[in-house]
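Using my numbering, the letters of the sequence shown map in sequence onto residues 27 to 198.
Glycine included, each C-beta is placed from N, C-alpha and C at the ideal position.
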Amino acid sequence: MVPLAGLVHCRRVLPSLSIVIPAYNEAASIAASVHDALEVGAAQAAALEVIVCNDASRDETAAILDAIAAREPRLVVLHRTQNRGIEASMRTLYAHARHDWVFLNSADRQWPMTVLGPMAAAASAGADFVIGVRSNKREVYTPYRRLISWSYERIVRALGAPGGDPGSIKLA
Numbered sequence: 027m028v029p030l031a032g033l034v035h036c037r038r039v040l041p042s043l044s045i046v047i048p049a050y051n052e053a054a055s056i057a058a059s060v061h062d063a064l065e066v067g068a069a070q071a072a073a074l075e076v077i078v079c080n081d082a083s084r085d086e087t088a089a090i091l092d093a094i095a096a097r098e099p100r101l102v103v104l105h106r107t108q109n110r111g112i113e114a115s116m117r118t119l120y121a122h123a124r125h126d127w128v129f130l131n132s133a134d135r136q137w138p139m140t141v142l143g144p145m146a147a148a149a150s151a152g153a154d155f156v157i158g159v160r161s162n163k164r165e166v167y168t169p170y171r172r173l174i175s176w177s178y179e180r181i182v183r184a185l186g187a188p189g190g191d192p193g194s195i196k197l198a
């Protein structure tokens, strides 16, 4: 594992934290994601749990998670036997989170766990809810992904809700 360079100045600013991660066919990245969550989370919170919902992955995601959980008591793994999609996974994760703050991030490492540092600082300064939104979509999204994101935002706004990045990360 590569050490997380952006973590040097952090102090534990949150009393307790649940890091929740939905996962589907993430064998290539799940071990690193969990490692990063444990390392960054421990630097930010006095009490920590990392919860991963494996949404009936067809690859080795389940076996990798079980191997890590066997030696890491802060990791909670929830296995689904039938794929129910990311929304159902997020609902399950939020329902199982038991700490004061809940940080939602993806298993594919599109967002580095180190973004939790500034988000936790904002929470510690009084924010009730912190959302991380991409500022570099044009650089990292394919044209197809930009079209899907643009369409999603338009549909959400047409329904009367404020638009947002469906790939955003949240600390609540």
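Exercise for review: Kindly indicate the opening and closing residues of the alpha helix (DSSP H) around V159.
Suggested key: V159 -> no alpha helix (DSSP H), and no H or E assigned at all.
Practice item. Starting from A96, trace the alpha helix (DSSP H) both ways and give me its first and last residue. Key: 87-97
Check your understanding: Taking C-beta to C-beta, are L40 and V76 nearer than 8 Å?
Key -> no
Exercise for review: Could you work out which residue in E52, A96, V46 is closest to A63 when comparing CA atoms only?
Suggested key: V46
Practice item. Drop a sphere of 10 angstroms on the beta-carbon of E52, count the other beta-carbons inside from all chains shown, and report buried for 16 or more, exposed for fewer. Key: buried
Review point. From Y178 to H125, what does the alpha carbon distance come to, in whole angstroms?
Key: 31 Å
Check your understanding: Span of the beta strand (DSSP E) holding A71?
Key -> 71-80
Review point. First and last residue of the alpha helix (DSSP H) that includes L173?
Key: 169-184
Practice item. Can you grab the Cα-Cα spacing for the pair Y120 / G67, in whole Å? Key: 17 Å
Review point. I think T87 touches I56, with their Cβ atoms under 8 Å apart; what is that distance to the nearest whole Å?
Key: 5 Å
Review point. Since H105 sits in a beta bridge, which residues does DSSP pair it with?
Key: N80
Review point. Whose C-alpha, out of Y50, K196, A73, is nearest the C-alpha of P144?
Key: K196
Exercise for review: Count the other CB atoms, across all protein chains shown, that sit within 10 Å of the CB of D81; report buried if there are 16 or more and exposed otherwise.
Suggested key: buried
Exercise for review: Measure how close the beta-carbons of G158 and V182 come, nearest whole angstrom, since I'm counting them as under 8 Å.
Suggested key: In fact, because the Cβ distance is near 18 Å, the residues do not count as touching under 8 Å.
Practice item. Please list, in chain order, all residues of the same chain as L185 whose beta carbon is under 7 Å from its beta carbon, the five residues on each side excluded. Key: none
Review point. For I174, is the classification buried or exposed, using 16 other Cβ atoms within 10 angstroms of its Cβ as the cut-off for buried?
Key: exposed
Review point. Is the Cβ-Cβ distance between I94 and P48 less than 8 Å?
Key: no
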